[in-house]
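Please read the structure below before turning to the comments.
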Amino acid sequence: MIRIEEYTQKLIDLLKHAFSDRLVYVGLQGSYLRQEATDTSDIDIMAVIDDLDFADLDRYRSVLEKAGNYELSCGFLCGKDELANWNPLEICHLTHTTKDLFGSLKDLVPVYTEQDERKYIQFSINTLYHEVCHARIHSDETEQKSRICACFKSLFFILQNICYLNTGVFPETKKKLLNAVTGEDKDVFKRSLAVRSAADIDSGRDLALLFHWCQRYTAEF
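For the sequence shown, the residue numbers in this note's numbering are 12 to 232.
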């Protein structure tokens with residue numbers, strides 16, 4: 012598995028060389044941040060560049076290739092000005108799921124409100140509901156299983172934000188979230204944790220579980 016501290020330091024050094032003082036931020040996201048990574052986990056990096064232009068995308072790709080393990084690279088590259096004007100609905104989740112490695116993310120993003128967070132949750136639930144319905148109607152069995160894996164991943168993110176909205180505490184890891192949720196939320200989340208691959212999925216059962224969960228929260232939000 013990747014030694015993430017060594018990797019990120021090498022990456023930051025390469026980014027400084029490639030972008031000089033235009034590099035304003037680097038952060039870690041995803042399973043490596045949560046200490047849940049496996050050998051096949053993506054390396055989720057967020058980077059912010061001042062005055063980003065299209066040619067910088069190729070420059071950034073080249074840096075990732077030099078850093079090694081390019082096939083696992085993932086994440087979010089953004090211009091400083093674009094990030095300052097980002098939709099505030101996403102900022103709560105972004106700031107709570109990104110660890111600063113270089114620079115301060117909170118200094119670069121717009122302010123968000125509780126109403127923004129509520130709307131983010133509502134939009135995410137609506138999107139998940141649509142995905143569940145689309146998967147059941149328009150996908151064959153193999154594709155349904157692939158889509159269910161993605162749906163369970165979305166469920167994790169939504170529950171993190173619901174928990175934060177209700178308690179003021181953002182559960183960063185799956186273990187912390189499992190300890191924080193109760194009732195139907197806990198049942199659905201436990202089922203998602205039991206799914207390690209498509210082979211573990213019962214399409215009818217799992218889509219029905221997600222469908223009814225989305226129905227309930229759509230009414231609440």
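Yeah, the Cβ is synthetic: ideal placement off N, Cα and C, and Gly gets one too.
Listed in chain order, the non-local C-beta contacts of Leu116 below 7 Å within the same chain comprise Tyr36, Gly38, Thr106 and Thr109, local neighbours out to five positions each way being set aside. Taking a cut-off of 8 Å on C-beta distances, the region 153-163 does not touch the region 183-194, as fewer than three cross pairs fall below it. Counting only the Cα atoms, Asn80 lies some 17 Å from Ala58. Counted as a single uninterrupted DSSP element, the beta strand (DSSP E) harbouring Gly90 occupies residues Ser84 to Gly90. For Leu39, the beta-bridge partners assigned by DSSP are Ile56 and Lys110.
When Lys156, Ile136, Thr124 and Leu94 are compared, the shortest CA-CA separation from Arg227 is found for Ile136.
Membership of Gln126 in the alpha helix (DSSP H) is indicated by the continuous run Glu125 to His149. By the CB criterion at 8 Å, Lys77 and Leu25 fall inside the cutoff.
Under the criterion of beta carbons closer than 8 Å, Asp55 and Cys85 qualify as touching, at roughly 5 Å. In terms of Cβ geometry, Arg202 and Leu218 do not form a close pair [threshold 8 Å].
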